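I have placed the structure first, in the form of structure tokens, so that the comments after it can refer back to it.
2 protein chains.
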Amino acid sequence: MMQVPLSIGSMMEHAEKFFPKKEVISQTHDKLHRLNYAEIGQRTRRLMSILDELGIRNGDRVGTLAWNHHRHLEIYFAAPGMGAILHTINIRLSPEDIIYIINHAEDKILFIDEDILPLIEHIHTHLTTVEAFVVMTDKTELPESTIQPLYSYEELLSTGDPTYEFANDIDENQPAGMCYTSATTGKPKGVVYSHRAIVLHSFALGLKDTAAISESDVSMPVVPQFHVNAWGTPFACTWFGSTQVMPGPRFTPKRLAEFIERFKVTITAGVPTIWLGLLKELQQGDYDTSSLRAVLCGGSAAPLGLIKAFEEKLNIPFYHAYGATETTPLATISRLKSYQQGLSTEEKYEERTRQGILVPGLQMKVVDEKGEVEWNGKDMGELLLRGPWIASEYYKDERTKDAFIDGWFHTGDVVTVDAEGTIKIVDRTKDLIKSGGEWISSVEIENAIMANEAVFEASVVAIPDEKWQERPIACVVLHEGFENKVTKDDIIEFLKPQFAKFWLPDDVLFFEEIPKSSVGKFLKRELREQVKARYSTQG
Amino acid sequence: MMQVPLSIGSMMEHAEKFFPKKEVISQTHDKLHRLNYAEIGQRTRRLMSILDELGIRNGDRVGTLAWNHHRHLEIYFAAPGMGAILHTINIRLSPEDIIYIINHAEDKILFIDEDILPLIEHIHTHLTTVEAFVVMTDKTELPESTIQPLYSYEELLSTGDPTYEFANDIDENQPAGMCYTSATTGKPKGVVYSHRAIVLHSFALGLKDTAAISESDVSMPVVPQFHVNAWGTPFACTWFGSTQVMPGPRFTPKRLAEFIERFKVTITAGVPTIWLGLLKELQQGDYDTSSLRAVLCGGSAAPLGLIKAFEEKLNIPFYHAYGATETTPLATISRLKSYQQGLSTEEKYEERTRQGILVPGLQMKVVDEKGEVEWNGKDMGELLLRGPWIASEYYKDERTKDAFIDGWFHTGDVVTVDAEGTIKIVDRTKDLIKSGGEWISSVEIENAIMANEAVFEASVVAIPDEKWQERPIACVVLHEGFENKVTKDDIIEFLKPQFAKFWLPDDVLFFEEIPKSSVGKFLKRELREQVKARYSTQG
Numbered sequence: 006m007m008q009v010p011l012s013i014g015s016m017m018e019h020a021e022k023f024f025p026k027k028e029v030i031s032q033t034h035d036k037l038h039r040l041n042y043a044e045i046g047q048r049t050r051r052l053m054s055i056l057d058e059l060g061i062r063n064g065d066r067v068g069t070l071a072w073n074h075h076r077h078l079e080i081y082f083a084a085p086g087m088g089a090i091l092h093t094i095n096i097r098l099s100p101e102d103i104i105y106i107i108n109h110a111e112d113k114i115l116f117i118d119e120d121i122l123p124l125i126e127h128i129h130t131h132l133t134t135v136e137a138f139v140v141m142t143d144k145t146e147l148p149e150s151t152i153q154p155l156y157s158y159e160e161l162l163s164t165g166d167p168t169y170e171f172a173n174d175i176d177e178n179q180p181a182g183m184c185y186t187s188a189t190t191g192k193p194k195g196v197v198y199s200h201r202a203i204v205l206h207s208f209a210l211g212l213k214d215t216a217a218i219s220e221s222d223v224s225m226p227v228v229p230q231f232h233v234n235a236w237g238t239p240f241a242c243t244w245f246g247s248t249q250v251m252p253g254p255r256f257t258p259k260r261l262a263e264f265i266e267r268f269k270v271t272i273t274a275g276v277p278t279i280w281l282g283l284l285k286e287l288q289q290g291d292y293d294t295s296s297l298r299a300v301l302c303g304g305s306a307a308p309l310g311l312i313k314a315f316e317e318k319l320n321i322p323f324y325h326a327y328g329a330t331e332t333t334p335l336a337t338i339s340r341l342k343s344y345q346q347g348l349s350t351e352e353k354y355e356e357r358t359r360q361g362i363l364v365p366g367l368q369m370k371v372v373d374e375k376g377e378v379e380w381n382g383k384d385m386g387e388l389l390l391r392g393p394w395i396a397s398e399y400y401k402d403e404r405t406k407d408a409f410i411d412g413w414f415h416t417g418d419v420v421t422v423d424a425e426g427t428i429k430i431v432d433r434t435k436d437l438i439k440s441g442g443e444w445i446s447s448v449e450i451e452n453a454i455m456a457n458e459a460v461f462e463a464s465v466v467a468i469p470d471e472k473w474q475e476r477p478i479a480c481v482v483l484h485e486g487f488e489n490k491v492t493k494d495d496i497i498e499f500l501k502p503q504f505a506k507f508w509l510p511d512d513v514l515f516f517e518e519i520p521k522s523s524v525g526k527f528l529k530r531e532l533r534e535q536v537k538a539r540y541s542t543q544g
Numbered sequence: 006m007m008q009v010p011l012s013i014g015s016m017m018e019h020a021e022k023f024f025p026k027k028e029v030i031s032q033t034h035d036k037l038h039r040l041n042y043a044e045i046g047q048r049t050r051r052l053m054s055i056l057d058e059l060g061i062r063n064g065d066r067v068g069t070l071a072w073n074h075h076r077h078l079e080i081y082f083a084a085p086g087m088g089a090i091l092h093t094i095n096i097r098l099s100p101e102d103i104i105y106i107i108n109h110a111e112d113k114i115l116f117i118d119e120d121i122l123p124l125i126e127h128i129h130t131h132l133t134t135v136e137a138f139v140v141m142t143d144k145t146e147l148p149e150s151t152i153q154p155l156y157s158y159e160e161l162l163s164t165g166d167p168t169y170e171f172a173n174d175i176d177e178n179q180p181a182g183m184c185y186t187s188a189t190t191g192k193p194k195g196v197v198y199s200h201r202a203i204v205l206h207s208f209a210l211g212l213k214d215t216a217a218i219s220e221s222d223v224s225m226p227v228v229p230q231f232h233v234n235a236w237g238t239p240f241a242c243t244w245f246g247s248t249q250v251m252p253g254p255r256f257t258p259k260r261l262a263e264f265i266e267r268f269k270v271t272i273t274a275g276v277p278t279i280w281l282g283l284l285k286e287l288q289q290g291d292y293d294t295s296s297l298r299a300v301l302c303g304g305s306a307a308p309l310g311l312i313k314a315f316e317e318k319l320n321i322p323f324y325h326a327y328g329a330t331e332t333t334p335l336a337t338i339s340r341l342k343s344y345q346q347g348l349s350t351e352e353k354y355e356e357r358t359r360q361g362i363l364v365p366g367l368q369m370k371v372v373d374e375k376g377e378v379e380w381n382g383k384d385m386g387e388l389l390l391r392g393p394w395i396a397s398e399y400y401k402d403e404r405t406k407d408a409f410i411d412g413w414f415h416t417g418d419v420v421t422v423d424a425e426g427t428i429k430i431v432d433r434t435k436d437l438i439k440s441g442g443e444w445i446s447s448v449e450i451e452n453a454i455m456a457n458e459a460v461f462e463a464s465v466v467a468i469p470d471e472k473w474q475e476r477p478i479a480c481v482v483l484h485e486g487f488e489n490k491v492t493k494d495d496i497i498e499f500l501k502p503q504f505a506k507f508w509l510p511d512d513v514l515f516f517e518e519i520p521k522s523s524v525g526k527f528l529k530r531e532l533r534e535q536v537k538a539r540y541s542t543q544g
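Sequences listed follow chains A and B, in order. With the working numbering as the guide, the letters of the first sequence map in order to residues 6 to 544. With the working numbering as the guide, the letters of the second sequence map in order to residues 6 to 544.
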């Protein structure tokens with residue numbers, strides 16, 4: 006067989022040739038853009054020629070600080086397309102972390118959205134490797150800035166070469182992209198994606214039994230492009246010729262709802278927090294969401310109530326997926342098997358709260374201290390993953406040795422697996438609660454509490470206990486209108502029929518908000534501090 | 006990212022773990038077998054241990070002479086799964102060609118269906134490399150035979166090790182399979198498939214916009230397993246957990262129709278000749294074919310009448326695909342793009358007679374003597390293909406240099422491409438007819454003739470002409486009941502409104518049968534001889 010490398014450039018070439026009329030609809034600060042793949046392809050080529058002129062060479066890092074829009078998409082293909090590395094930077098991190106990441110990755114050029122420029126204005130003197138800054142704006146004049154040299158994206162593109170060729174000497178194992186993930190302790194950790202990983206992952210996203218991304222889709226990634234490449238959807242959607250709708254900077258649930266109706270979005274992807282917000286908006290407003298064939302939910306476990314609300318109240322199919330920055334990210338997805346269609350509605354929902362089966366192309370193991378656990382739906386163990394789109398290390402980081410052991414990525418997620426191979430995340434290894442020598446899953450209690458109609462969000466953390474070692478405490482945010490009407494006892498009574506007695510939280514604390522990470526996950530470390538603070542105030 | 010090779014063994018492991026209950030339903034000579042993937046996986050492991058015991062090592066060729074059934078499927082995974090090479094042999098070839106192929110491939114062991122054993126009985130003394138013969142039968146006693154050593158498949162398996170592991174040191178570029186394709190002149194030519202090619206091709210078969218093979222499918226490959234791995238469907242279907250229905254030896258259209266109804270087949274694949282036969286059966290009988298979501302048709306161009314009959318009379322979606330032994334084989338597939346749904350019925354059919362757009366992962370060029378032709382739907386050129394599941398050579402064969410040039414496979418197929426990137430096969434380079442300096446497409450005339458309700462099949466060949474260089478002659482097989490009722494003039498009159506005058510055949514000859522190759526393609530070389538013979542008899 007021919008030795009033809011899997012390359013990101015060839016995905017854009019495919020879109021240019023076979024889907025030239027299909028569109029990317031992109032909201033920027035000032036306006037809505039509509040460009041087809043013939044145009045996006047040409048602009049990508051212009052951008053490659055500009056990167057070349059600005060001295061970007063094979064393996065150089067090209068940083069982005071940007072929302073979801075077409076220019077960001079162009080950089081997705083231009084940087085790896087000419088042999089450089091796309092480095093998407095999480096704009097929600099602290100300035101200190103952003104400085105660390107840019108210097109650690111040794112970014113040579115930064116592409117910055119105009120509303121993020123003030124942040125860079127503050128920190129740019131700390132950046133040790135960046136040689137050029139490009140601001141992405143619809144305005145013809147550059148904003149005033151002390152940053153030097155500062156270019157305008159569109160001005161650069163206007164002088165670019167629309168016939169510039171994608172590099173034809175790509176080694177499929179060479180780095181194509183990188184992304185840093187927050188760590189429980191210490192600075193963010195970098196993951197490097199190869200061309201091979203991204204192409205294979207895109208294949209996986211197009212499979213009928215996973216996301217089934219296709220030409221007929223209108224895809225709106227809500228998950229940020231700076232977070233694991235918006236779960237890889239911009240790559241797959243471009244390759245397969247989907248229409249893409251980019252919701253742009255600082256979108257609101259209202260804008261998402263409007264875009265779904267206006268552009269007949271068929272598939273969208275994001276974390277539970279986003280869907281909780283969208284759900285509210287869709288229930289308050291009068292939107293036509295009949296085009297939606299799939300809402301993909303990942304990042305953290307979706308509570309049953311959220312799944313039910315989407316499916317029953319809104320008639321929108323809702324799919325649980327699982328992955329991590331280290332897994333490009335798609336690793337499992339929940340779809341009923343054909344012979345499970347006969348299950349009762351409740352049994353089906355029970356299945357749907359699980360994270361599903363492994364995506365073809367990967368391997369998994371679930372282990373506890375004694376070795377592989379039985380696939381009986383009960384025994385808990387840490388999920389280990391292996392495969393061509395699973396990271397093998399953290400970029401220049403000593404913490405590699407803690408997570409990548411004997412060829413397996415240790416996810417830190419505790420799961421059960423049933424006889425169908427379906428996994429269910431029961432906790433993070435570090436968030437499991439050990440009470441009287443037994444494990445308690447904080448996530449299972451959280452999900453149970455969130456099934457209560459009064460509850461908007463719930464998070465369960467451990468506090469130290471002299472007798473039992475650790476005990477669970479539930480932290481609950483109530484829906485509007487339920488404040489002061491629901492008590493600790495109401496919650497405990499609600500949980501009693503569902504759990505062994507020792508699983509029931511010792512206390513229920515009510516909060517206005519649960520602290521979350523920049524990607525919408527519960528920040529349990531911070532929550533534990535807040536819980537401690539409450540008790541010490543009370544004490 | 007991890008360096009994990011793409012391997013065929015891991016596809017079976019995936020089925021064992023995630024689809025253990027899903028079934029392979031297999032018709033053999035004596036009975037219908039139903040085995041699930043847990044069982045098929047164990048039997049595959051037993052077989053690997055037996056191959057190991059019989060001295061088969063990494064890179065050794067394992068030949069099969071067999072129909073479509075579960076034992077053949079087990080060899081599909083066992084041979085490459087333990088590092089050997091699956092060599093499927095076309096049982097419809099001449100004994101001379103079969104001897105050539107087995108000796109040329111240097112097969113070390115042969116797996117033979119019991120009804121094919123007499124053929125091998127005749128030729129086995131000419132086989133220079135085969136050290137062991139295994140007969141696949143449901144009977145407990147081996148048939149009488151002079152072949153030595155001759156083993157029984159089931160007896161061997163009963164002593165095999167069901168826990169034998171798939172080889173973990175596979176290089177994804179190492180050979181996994183091979184298949185010989187008939188040549189216009191000379192002996193068949195061998196194509197070697199790598200693990201990488203077969204895994205990537207399987208991904209391609211699972212894409213929503215190609216064959217969309219999924220867990221919910223019941224797949225019945227009619228294309229033989231000895232022909233380009235039944236178009237790769239057994240690999241993809243196993244990986245994705247589809248139910249597989251193997252129609253077994255010497256199936257009839259009646260058996261196919263019965264199996265479709267009985268096992269609720271959702272997808273099937275084969276050549277136009279098969280579908281012409283099935284169409285007849287379905288129209289005569291009373292079958293429930295409502296489960297069928299896709300009939301994939303390849304090998305040669307399907308006439309419009311066939312597509313219409315399936316879609317309009319039987320309400321069965323019919324998809325044109327294109328490929329070759331050298332392309333693993335899927336290269337293009339015809340599906341309407343979302344924005345083509347608004348076309349008129351006739352325009353849609355016009356699109357559906359085309360072979361569609363390129364499958365993601367491949368590259369194509371269409372060239373004539375002046376270079377790349379315009380994608381305008383008119384200019385003809387030879388289709389060139391490139392990609393990770395396109396062959397780079399014929400196995401130990403000097404004819405490599407004629408077809409594999411500068412990194413591109415020259416398909417020998419003449420196509421047009423429209424602005425959508427949709428190709429239409431207009432002829433084989435060698436079957437194009439050159440008349441008065443202009444090209445005439447024999448395939449277009451054939452398809453037009455086959456749209457006549459009286460016509461069962463038609464093939465158009467060139468005869469030498471003093472004035473015009475070449476002129477087309479139509480060879481026609483009429484449907485039952487139309488014999489002697491349709492004349493040359495009827496056919497010519499029927500064609501007149503559709504073609505330029507110089508395209509009209511000089512003569513129409515009626516035949517009882519068009520000679521076909523072992524895979525159901527028109528044998529134009531032989532047909533030309535028959536036409537010549539008719540004229541010389543007349544003369």
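Here a beta-carbon is modelled for each residue, glycine too, at the ideal position from N, C-alpha and C. Quick caveat, the model's predicted, so the values are computed rather than measured.
Residues near residue i by beta carbon distance below 7 Å, same chain, minus five either side
i: A306 of chain B; result: I430, V448 and N452
Contact set between residue i and chain C, taken where Cβ atoms lie within less than 7 Å
i: K342 of chain A; result: Considering every chain present, this structure includes no chain C. Its protein chains are A and B.
Residue j beta carbon less than 8 Å from that of residue i
i: P154 of chain A; j: E119 of chain A; result: no
i: G328 of chain B; j: G366 of chain B; result: no
i: R340 of chain A; j: D423 of chain A; result: no
i: R39 of chain A; j: I45 of chain A; result: no
i: Q345 of chain A; j: E356 of chain A; result: yes
Neighbourhood of residue i by C-beta distance below 6 Å, restricted to the same chain and skipping five residues each side
i: D176 of chain A; result: none
i: L70 of chain A; result: I94, I96, I117 and I121
Cβ neighbour criterion (16 or more within 10 Å) applied to residue i
i: A505 of chain A; result: exposed
i: I128 of chain B; result: exposed
i: D293 of chain B; result: exposed
i: H232 of chain B; result: buried
Straight-line gap, residue i to residue j (C-alpha atoms, nearest Å)
i: K192 of chain A; j: P520 of chain A; result: 19 Å
i: A89 of chain A; j: T186 of chain B; result: 42 Å
i: S343 of chain A; j: E159 of chain A; result: 50 Å
i: L115 of chain B; j: F171 of chain B; result: 21 Å
i: S440 of chain B; j: P510 of chain B; result: 11 Å
i: P226 of chain B; j: E485 of chain A; result: 57 Å
i: C302 of chain B; j: L335 of chain A; result: 33 Å
Neighbourhood of residue i by C-beta distance below 8 Å, restricted to the same chain and skipping five residues each side
i: V372 of chain B; result: V378, G386, E387 and L389
i: G211 of chain B; result: A217, I218, S219, A241, W244 and F245
i: V482 of chain B; result: V460, F461, E462, A463, F515, F516, E517, E518 and I519
Strand pairing of residue i, partner residues [DSSP]
i: S541 of chain A; result: None, per the DSSP bridge assignment.
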